[in-house]
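Residue numbers (the numbering used here): 321 to 907. A short worksheet on the structure shown next.
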């Protein structure tokens, strides 16, 4: 449990940094969660810099703990004292306890059986994260060769397109004995609680029903309560009712609590950090948090939002320059979010995708939102400021999938949308003067809220069940897979490139070695253009292949599966490991 010291020391260090930027009356939770962001992401940045020279290790992590602790006590002794305030509203306390209980229960369900059983939606996230983390321990990223970027462990010759700082922090926890599940649970739990507090603080400025707003933001299931009652949807366990409807059909949206805050380290940091950046505006903490947001798309959108908030533009301009450096390794394409819907023949696709994504909320806000904005100038200014980034996110994607855009829109647009929705429903319920009519409007409002939350309940309970979707007969990784992982760690050098069968969840992700080409669908989703590798594959995978063909591709080892493998010329290889399922060949 030594890894808990890193959580405590990094958060305490960040907690002590906050008064240096904003001195005065502080809410304890605002300072605590901001300290968590500054401490954890700051640790990740430090590891990013130092890993150019020194590999991540337990010794290095202990030194970081000592630095955090010493700096925190120095700051605590010499900084200005600030008054700490705590919101004593009983509904807020209920919200915190309820969200904490739901989060711990859900995180325990989805992480308890990793890696043998994974929720269907989590498979690509897990493959990306665990392959990168293990490459820091056993692979080419143990000591970073490029001064700016990490290598991509799933596609040789390419740079890692993900967000390293949250994973570097998770890796530092793992050096002290935490498992991937332990690190994920504590990180996602703290970020979920931060998002809960951040949305509540945001909503409190604009509506009397801040608690209901936060609950709907976190737990709304869109149309899930309706979709569930079709037998084909109910029987397909991989259908989470919000994003993945069939193996080939998905929406542009993800359930915020169940997926964005609980599965991906990057998105679980990015969403609350963006919300906190808005809440701290116009203080200096706001652009600092925005710069540190792991997701480049969310950071870009948050800078755009802050530029439209009064008195923020002069402060954010120096920090916004950091985007120039951060945009380099990421692949942004003009690929509208409604592209797939239009290709399926959907009329008014730019609107329909959001009708599907957020359900009844869309109908209320689309038709009646202007009424709420007329009477709330501050909320209107915020919505206008977020409109530009939101529209840009409709047309440009990071990679080819929707995930990064969904994270950014959840961070910058969803809080205001839910606030507007709840406030409109509140006014609607109080509009009639006659008691009978008022009873009808209250019933409609209550039914709408219950419909959204029941859908969220269905989604949150279905996703952990999808761990058995494709693993009825055996776990995702059996004993032979684990034997192969150990053999690759022991027998293959850190900087070697391995040719494998291109498929999802190959055991190489646990060995941290660099694959020539991993799962093509997942790599394509990141936007990487790997078509040039096909000509090299044709030269290598044939009976007349020579050692020169593999050297040209930079491949030193091959992992064959099954009885026939790749049908290679065995004369140019040496078998260094073999079991009944796999064979490792050295060129």
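Ideal Cβ positions, reconstructed from N, Cα and C, are used throughout, including at glycine. Because the structure is a prediction, the values reported are computed rather than measured.
Who are the Cβ neighbours of residue i in its own chain at under 8 Å, not counting the five residues just before and after it?
i: residue 899; result: 800, 803, 804
i: residue 919; result: Outside the shown range of the chain, which is 321 to 907, sits residue 919, and nothing can be said about it.
i: residue 352; result: 331, 335
i: residue 425; result: none
i: residue 516; result: 415, 416, 419, 534, 538
Looking only at its chain, what residues have a beta carbon closer than 6 Å to the beta carbon of residue i, apart from the 5 residues adjacent to it on each side?
i: residue 692; result: 740, 743, 744
i: residue 478; result: 472, 848
i: residue 836; result: 476, 817, 819, 875
i: residue 699; result: 526
i: residue 845; result: 719, 720, 721
i: residue 662; result: 669
i: residue 341; result: 604, 605
i: residue 554; result: 548
i: residue 632; result: 601, 602, 626
i: residue 446; result: 438
i: residue 621; result: 709, 728, 732
Would you report the Cα separation of residue i and residue j, rounded to the nearest angstrom?
i: residue 506; j: residue 587; result: 15 Å
i: residue 391; j: residue 364; result: 17 Å
i: residue 759; j: residue 527; result: 22 Å
i: residue 583; j: residue 423; result: 11 Å
i: residue 672; j: residue 570; result: 13 Å
i: residue 791; j: residue 830; result: Confidence is the limiting factor: at residue 791 the pLDDT is only 49, short of 50, which leaves the residue's position unreliable and the question unanswerable from this model.
i: residue 306; j: residue 591; result: This structure leaves residue 306 out entirely; the chain is present only between 321 and 907.
i: residue 579; j: residue 879; result: 33 Å
i: residue 369; j: residue 544; result: 44 Å
i: residue 824; j: residue 725; result: 23 Å
i: residue 386; j: residue 329; result: 8 Å
i: residue 908; j: residue 462; result: Residue 908 lies beyond the stretch modelled for the chain, which goes from 321 to 907, so this question has no answer here.
i: residue 321; j: residue 499; result: 11 Å
Thinking C-beta only, is residue j closer than 9 Å to residue i?
i: residue 730; j: residue 576; result: yes
i: residue 449; j: residue 585; result: yes
i: residue 360; j: residue 381; result: no
i: residue 412; j: residue 520; result: yes
i: residue 557; j: residue 654; result: no
i: residue 862; j: residue 842; result: no
i: residue 738; j: residue 811; result: no
i: residue 453; j: residue 832; result: yes
i: residue 877; j: residue 906; result: yes
i: residue 546; j: residue 776; result: no
i: residue 405; j: residue 456; result: no
i: residue 502; j: residue 510; result: no
i: residue 815; j: residue 460; result: yes
Starting from residue i, follow the alpha helix (DSSP H) in both directions and report where the run begins and ends.
i: residue 500; result: 500–524
i: residue 748; result: 734–750
i: residue 610; result: 605–612
i: residue 895; result: Note, residue 895: premise wrong, no alpha helix (DSSP H); beta strand (DSSP E) at 894–898.
i: residue 415; result: 410–431
i: residue 865; result: Premise fails: residue 865 is in no alpha helix (DSSP H) and is neither H nor E.
i: residue 537; result: 530–539
i: residue 462; result: Neither: residue 462 is in no alpha helix (DSSP H) and is coded neither H nor E.
i: residue 652; result: Run containing residue 652: none in the alpha helix (DSSP H); it sits in the beta strand (DSSP E), 652–654.
i: residue 716; result: Residue 716 -> not in any alpha helix (DSSP H); beta strand (DSSP E) instead, spanning 716–718.
Under a Cβ-count criterion, where at least 16 other Cβ atoms within 10 Å of its own Cβ denotes burial, should residue i be classed as buried or exposed?
i: residue 822; result: buried
i: residue 601; result: buried
i: residue 513; result: buried
i: residue 895; result: exposed
i: residue 497; result: exposed
i: residue 680; result: buried
i: residue 434; result: buried
i: residue 357; result: buried
i: residue 431; result: buried
i: residue 564; result: buried
i: residue 770; result: exposed
i: residue 619; result: buried
i: residue 523; result: buried
i: residue 678; result: buried
Could you spell out where the beta strand (DSSP E) holding residue i opens and where it closes?
i: residue 685; result: Per DSSP, residue 685 belongs to no beta strand (DSSP E); it is in the alpha helix (DSSP H), 680–695.
i: residue 818; result: 817–819
i: residue 879; result: 877–881
i: residue 903; result: 902–906
Can you list, in chain order, the residues of its chain with a C-beta nearer than 7 Å to that of residue i? Leave out the 5 residues immediately preceding and following it.
i: residue 762; result: 749
i: residue 722; result: 572, 657
i: residue 407; result: 347
i: residue 647; result: 616
i: residue 487; result: 449, 452, 453, 585
i: residue 518; result: 592, 595, 596, 599
Within the 9 Å Cβ cut-off, does residue i reach chain D?
i: residue 756; result: You won't find chain D in this structure, because it holds only one protein chain.
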